[in-house]
Amino acid sequence: MTFPTYPPAQAEPPLDPRQSLPTMYDLPSEDPKEPGLPDTFHLDQPQLLEFTFLPPGWDAEQVFTASDLNLYYDATQPRWHKRPDWFAAVGVPRLYQGRDMRLSYVVWQERVNPFVVVELLSPGTEDEDLGRTVQQAGEPPTKWQVYEQILRIPYYFVFSRYTDELQAFHLVGGHYEPAELMDGRLFIPELQLSLGWWQGTYKSMNRLWLRWFTAEGGLILSPGERATAAERQLIEYQQQLIESQQREERLAARLRELGIDPEQLV
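For the sequence shown, the working numbering begins at 110 and goes up steadily by one.
So, in structure tokens, the structure goes:
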């Protein structure tokens, strides 16, 4: 199983970038010029993706997911960054250097590129998310260029809450090719997971959501769903005990009517 690792296809600086370039602590984690989240969907949907992203072949401490976090991608332009709605990297410590929460994700420090990115369409970002914009002279590359050509992220998903359209792209030969969904999901063999539609209630909202599934198409439950399922199982177990006790009491009463002492049958 191979995963994309840094460096991207660009000229390397002469020194180890981990030593010579800014670290996570040196780079801004927010930009006052960038707008905030356009709606609460951009908060809730990434959270569901995070909760259900449990690739079976990876220890949880070697999986990192983030939403709306600066992603610094170019060692030659260390201030340039994108801010994906959600992304995941595997084979990298969940904590920065195993000890701290991340302020940003800096690829020349991490040495591991994201493996999958999800962008949620909004009117202000749709053209760039779908690769319809062109890099302007002297400006940073577009989001599509960064994901496809610089970081070479293997899987890229774009989801619209307005039309419920899910578009999936797989990196083939250095370029994104549309990937066909099966039953509304795309199976990712390297992760042994599928990503796709799910109609259900999350955060009190019943709608079409994106979430991760097992390789067989089974739901991967969120912590809240697991707690609800455990509570339901406990209630069912208690109900079964009550029904069993009631059956025993009815049987004992019937035996007494027949002149038989139930205690003598034990």
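Note that the Cβ used here is the ideal one computed from N, Cα and C, for glycine as well.
Computed from a predicted model, the values in this text were never measured in an experiment.
Thinking A175 and Y214 are a contact (beta carbons under 8 angstroms), I'd like their distance in whole angstroms, please. 6 angstroms
On the DSSP letters alone, give me the boundaries of the beta strand (DSSP E) that F296 sits inside. R294 to I297
With DSSP collapsed to three states, give me the class of P287. strand
Helix, strand or coil for A198 per DSSP? strand
Do the stretch 278 to 292 and the stretch 247 to 265 touch if we need at least three Cβ pairs shorter than 8 angstroms? yes
What is the DSSP secondary structure of V227, reduced to helix, strand or coil? strand
For S303, the first and last residue of its enclosing alpha helix (DSSP H): No alpha helix (DSSP H) holds S303; the beta strand (DSSP E) holding it covers L302 to Y311.
Can you check whether the CB of W195 is closer than 8 angstroms to the CB of V227? Annotated as proximal: V227 and W195, with beta-carbon spacing under 8 angstroms.
Check whether the stretch 152 to 166 touches the stretch 176 to 191, taking contact to mean three or more Cβ pairs, one atom from each stretch, closer than 8 angstroms. yes
Cβ-Cβ distance between L260 and N222 below 8 angstroms: yes
In the DSSP assignment, what are the bridge partners of K191? L180
As a quick exercise: from H151, F162 and D135, pick the residue whose alpha carbon is nearest that of T323. Nearest Cα to T323 within the set H151, F162 and D135: F162.
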